[in-house]
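Q: One structure, as structure tokens, below. Some questions next.
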Amino acid sequence: MMSRSALLLCQLLVAVMFFGSWQFFATVPIFGHTVLPPFFFSTPVDVFNRIVKWLVEGSIWRHLLITLTEASLAFVIGSLSGTLIGFWFARQQTIAAIFDPYVKMMNALPRVVLAPIFALWLGLGIWSKVALGVTLVFFVVFFNVYQGVKEANATLVDNARMLGMSERQLLRHVYWPSALSWMFSSLHTSVGFAVVGAVVGEYLGSAAGLGYLIQQAEGVFDVAGVFAGMIVLAIFVVAIDFVVTKVENRLLVWRPNAGEGRV
Amino acid sequence: MDTTQPAAVALDDATVAFRLADSRVYTAVEQARLTVEHGEFVAIVGPTGCGKSTLLNVAAGLLKPAAGAVRIFGQPLAGLNKEAGYLFQADALFPWKTALDNVAIGLEIKGAPRALALERAQGWLTSVGLAAFAGRYPHMLSGGQRKRVGLAQVLIRDPKILLMDEPFGPLDAQTRQIMGNLLLELWNADRKAVLFVTHDLEEAIALGDRVVIMSAGPRARIIGDWKVPLPRPRDISEVRMEKDFHALHREIWGVLKDEVMKGYAQSSQAPAEVA
């Protein structure tokens, strides 16, 4: 493996190459022919200027805040309900068997088709986006927790019983921690889905948020605006992922590969 | 040991059978008759797959025998064996608890105040030589250290019977000897009744008061029972040099060898004999 700084340099180089060639092919005609016509592809400089303008005017913060609120709500509601119901189903196999075909059906449904329904039911405000995000997050967490609790280490359960644990103590000391650990192991995926739900919801009908911003720009063939929205979104997601990684390392210190490891 | 009271563990012709997926019945252990007296250390040895662990699970109440009875201090066993502590072959520590919390949980379950449980747990970690590792999570400990924590977790509850399922199986040879000596040292303090399963005849003789041999499965039976004439306290690595040790080893191995070969032959051909 190369050193940290060399790695960073190479990563930067990729970005420079990408944006450099984009700028080059969009502005310098080759044999009198522009490879990337700015009308369709814009230019990195225009995109950059647009982002700076948004930041200076301050209009972007409101949209970011709205998207963040929607994603956070979707994440919290989705993972909470996913954990609880996954846990319940795993402990009550009869219930799980009864609902099995319906759970599969719901999960097989492409969530985008639900967006108009949610918009009808919950209006164009944030709650229709939250609902869309919840339907995405819920299933990821639900399946993880369900499998995790159902297949809770048999030796661990036997050991807990032999140590004298009652059913309630088993729940508290064995099943619940293992459910939570499975919930956390799906943290990255579910946070990503929460953002997807929010942005897609905004894109399909709203008055604010990053998805709205991109959709508006697209409506007036403002390609620089579309790319600027995409880049802000990408940075936003990377930042959230960074925070999630920090939280994960904090919560899962007992896990191999998290924290210090064996010394 | 005291034989005037009823035995700590008594298996009366216990037969253990499992229903297979295709609804045939697989008899793992047949008519096992075995007693462990108060303060007695009994080691069970048998070829792989002979049902040694099955027998231990019956004594623990995790498995119900299909026929025969289990008595604990003279009482028929119903449900889990509350007098027994069980040290499992596989890792059974709570991965989300530190070494200290893993040991303390045994007392906390009984309703002991947390402060007291933690204090006693720290004491037990010191007894197993892990005082400095209280804050470590299981994955940060070596295999031998995890076994020590497991031992402390079981012993803190002060069970009257100790069931051990190849507890040192996955450890390297040196660590096994160290763990064996640690076990004997802790056991010597209050002489619990111990049922210790192993596939290692030398380990069984070095540790036990009695060595019980099982035949190859299926339908495994108990086919031999030897008293170990070695004095206590013992040192595992030194006791192996003694003449009595060698004589007993030769005698038992003469019986065990055939079963090991049978067990090996059976495990290398898939279909099991069914009833």
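Chains A and B, in that order, give the protein sequences. Residue 1 is where the first sequence starts when you use our numbering, and the numbers rise one by one after that. Residue 1001 is where the second sequence starts when you use our numbering, and the numbers rise one by one after that. Built from N, CA and C at the ideal position, the CB exists for glycine as well.
#1: For R262 (chain A), would you say it is in contact with chain B, using Cβ-to-Cβ distances shorter than 8 Å as the test?
#2: Out of curiosity, what's the CA-to-CA distance linking G20 (chain A) and L65 (chain A)?
#3: Where DSSP assigns a beta bridge to M1179 (chain B), which residues make up the other side?
#4: Classify E1273 (chain B) as helix, strand or coil using the three-state DSSP reduction.
#5: At the level of alpha carbons, what is the spacing between I1307 (chain B) and A1084 (chain B)?
#6: Using C-beta distances below 8 Å, list every residue in its chain close to T1054 (chain B), excluding the 5 sequence neighbours before and after it, in chain order.
#7: Restricting to Cα atoms, I'd like to know which of A:A154, A:V196, A:P101 and A:V145 is closest to A131 (chain A).
#8: Cutting at 7 Å between CB atoms, please list the residues of its own chain near D961 (chain B), excluding the five before and the five after it.
#9: Applying a beta-carbon distance threshold of less than 7 Å, which residues of chain B neighbour V250 (chain A)?
#10: CA-CA distance, G211 (chain A) and R250 (chain A)?
#11: List in chain order: all unbroken alpha helix (DSSP H) runs of 4+ residues lying wholly within the stretch 1186 to 1214 of chain B.
#12: Closest by CA to L204 (chain A), which one among A:L120, A:A115 and A:G164?
#13: What does V1106 (chain B) touch in chain A if you count any residue whose Cβ is under 7 Å from its own?
#14: Taking the CB atoms as reference points, tell me whether D1091 (chain B) and P1138 (chain B) lie closer together than 8 Å.
#15: Given a limit of 7 Å on CB to CB distance, which residues of the stretch 1219 to 1251 of chain B reach chain A?
#16: Thinking C-alpha only, which one of A:L187, A:S59, A:G229 and A:N159 is nearest I240 (chain A)?
#17: Check the C-beta distance from A208 (chain A) over to G133 (chain A) and give it rounded, since I have them as a contact under 8 Å.
#18: Taking the straight line between their C-alpha atoms, what separation do you get for P325 (chain A) and F24 (chain A)?
#19: Compute the beta-carbon to beta-carbon distance between P1006 (chain B) and G1074 (chain B), rounded to the nearest angstrom, for a pair I have assumed lies under 8 Å.
#20: Sorted by chain position, which residues of the same chain lie with C-beta nearer than 8 Å to F99 (chain A)'s C-beta, five sequence neighbours on each side aside?
#21: Nearest to E1251 (chain B) by alpha carbon, out of B:M1261, B:T1175, B:F1168 and B:V1211?
#22: Should L1155 (chain B) and L1186 (chain B) be called a contact, given that it needs their Cβ atoms to be closer than 8 Å?
#23: Taking 7 Å as the limit between beta carbons, can you name the residues of its chain near S178 (chain A), skipping five residues before and five after?
#24: Kindly list, in the order they appear in chain B, the residues whose Cβ is closer than 9 Å to that of S181 (chain A).
#25: Using a Cβ-Cβ cutoff of less than 7 Å, which residues in the same chain neighbour L12 (chain A) once the five nearest sequence positions on both sides are dropped?
#26: Can you give the Cα-Cα distance for E1273 (chain B) and I1223 (chain B), rounded to whole angstroms?
#27: Kindly indicate which residue of B:Y1264, B:L1207 and B:R1219 has the alpha-carbon position closest to the one of H1249 (chain B).
#28: Classify P1076 (chain B) as helix, strand or coil using the three-state DSSP reduction.
#29: Under three-state DSSP, which class holds W254 (chain A)?
#30: Please report the distance separating the alpha-carbon of A1078 (chain B) from that of V140 (chain A).
A: Reading it off the structure:
#1: Counting from 1 along the first sequence, the entry for residue 262 (chain A) is found at position 262. Residue confidence for R262 (chain A) is low, a pLDDT of 37 falling below 50, so the modelled location carries little weight and cannot support an answer.
#2: Here residue 20 (chain A) corresponds to residue number 20 of the first sequence, with the count starting at 1. Here residue 65 (chain A) corresponds to residue number 65 of the first sequence, with the count starting at 1. Roughly 31 Å between the two C-alpha positions.
#3: Here residue 1179 (chain B) refers to the residue found at position 179 when the second sequence is read from its first residue. Looking at the DSSP output, M1179 (chain B) sits in no beta bridge, so it has no partner there.
#4: As a first step, residue 1273 (chain B) must be located in the second sequence, where it is residue number 273. Legend: pLDDT at E1273 (chain B) = 49, less than 50; position of this residue unreliable, value from coordinates given subsequently. Coil.
#5: What is shown of chain B runs 1001 to 1275, which leaves residue 1307 (chain B) out entirely.
#6: In the second sequence, counting from the first residue as 1, residue 1054 (chain B) sits at position 54. If the five residues before and after T1054 (chain B) are omitted, its C-beta is found closer than 8 Å to the C-beta atoms of V1016, A1028, V1029 and L1063, all from its own chain and listed in chain order.
#7: Your numbering for residue 131 (chain A) matches position 131 in the first sequence. Selection A:A154, A:V196, A:P101 and A:V145 evaluated against A131 (chain A) yields A:V196 as nearest (Cα-Cα).
#8: There is no way to answer for residue 961 (chain B), as the model of chain B reaches only from 1001 to 1275.
#9: Position 250 of the first sequence holds residue 250 (chain A). The residue you asked about is not Val; residue 250 (chain A) is Arg in the sequence shown. None at all; the shortest Cβ gap to chain B is about 14 Å.
#10: If you number the first sequence from 1, residue 211 (chain A) lands on position 211. If you number the first sequence from 1, residue 250 (chain A) lands on position 250. Between G211 (chain A) and R250 (chain A), the C-alpha separation is close to 31 Å.
#11: You should have 1201 to 1207.
#12: Residue 204 (chain A) sits at position 204 when you count from the first residue of the first sequence. Of the residues A:L120, A:A115 and A:G164, the one whose Cα lies closest to the Cα of L204 (chain A) is A:A115.
#13: As a working mapping, residue 1106 (chain B) is identified with position 106 in the second sequence. Here residue 1106 (chain B) is Gly; the residue named in the question, Val, does not match the sequence. Within 7 Å of the CB of G1106 (chain B), the CB atoms of chain A belong to L163, in sequence order along the chain.
#14: Along the second sequence, one-based indexing puts residue 1091 (chain B) at 91. Along the second sequence, one-based indexing puts residue 1138 (chain B) at 138. Contact: yes.
#15: Within the stretch 1219 to 1251 of chain B, no residue has a Cβ lying closer than 7 Å to any Cβ of chain A.
#16: Here residue 240 (chain A) refers to the residue found at position 240 when the first sequence is read from its first residue. Ranking A:L187, A:S59, A:G229 and A:N159 by CA distance to the CA of I240 (chain A) puts A:L187 first.
#17: Indexing the first sequence from 1 puts residue 208 (chain A) at position 208. Indexing the first sequence from 1 puts residue 133 (chain A) at position 133. About 16 Å separates the CB atoms of A208 (chain A) and G133 (chain A); that is not less than 8 Å, and the two are not in contact.
#18: The question about residue 325 (chain A) has no answer here: the residues shown for chain A are numbered 1 through 263.
#19: Your numbering for residue 1006 (chain B) matches position 6 in the second sequence. Your numbering for residue 1074 (chain B) matches position 74 in the second sequence. Between G1074 (chain B) and P1006 (chain B) the Cβ distance is about 3 Å, and since that is below 8 Å, they are a contact.
#20: In the first sequence, residue 99 (chain A) corresponds to position 99, counting from 1. Within its own chain, the residues whose Cβ lies closer than 8 Å to the Cβ of F99 (chain A), once the five positions on either side in sequence are excluded, are F89, listed in chain order.
#21: For this step, residue 1251 (chain B) is matched to residue 251 along the second sequence. Nearest of B:M1261, B:T1175, B:F1168 and B:V1211 to E1251 (chain B), Cα basis: B:V1211.
#22: As a first step, residue 1155 (chain B) must be located in the second sequence, where it is residue number 155. As a first step, residue 1186 (chain B) must be located in the second sequence, where it is residue number 186. With contacts defined by Cβ atoms closer than 8 Å, L1155 (chain B) and L1186 (chain B) form a contacting pair.
#23: As a working note, residue 178 (chain A) is residue 178 in the first sequence. Apart from the 5 residues on each side of it in sequence, S178 (chain A) sits with its Cβ closer than 7 Å to the Cβ of G148, V149 and A152 in its chain, given in chain order.
#24: On the first sequence, position 181 is the one that residue 181 (chain A) refers to. Result: P1095 and W1096.
#25: As a working note, residue 12 (chain A) is residue 12 in the first sequence. The answer is none, since no qualifying residue turns up.
#26: Counted from its first residue, the second sequence places residue 1273 (chain B) at position 273. Counted from its first residue, the second sequence places residue 1223 (chain B) at position 223. Residue placement at E1273 (chain B) is flagged as unreliable, the pLDDT there being 49, under the threshold of 50; a coordinate-derived value is accordingly withheld.
#27: The residue you call residue 1249 (chain B) lines up with position 249 of the second sequence. When B:Y1264, B:L1207 and B:R1219 are compared, the shortest CA-CA separation from H1249 (chain B) is found for B:L1207.
#28: Mapped onto the second sequence, residue 1076 (chain B) falls at position 76. P1076 (chain B): strand per DSSP, three-state reduction.
#29: Here residue 254 (chain A) corresponds to residue number 254 of the first sequence, with the count starting at 1. In this structure, W254 (chain A) counts as coil in the three-state DSSP scheme.
#30: In the second sequence, counting from the first residue as 1, residue 1078 (chain B) sits at position 78. In the first sequence, counting from the first residue as 1, residue 140 (chain A) sits at position 140. Looking at the two C-alpha atoms, the distance is approximately 42 Å.
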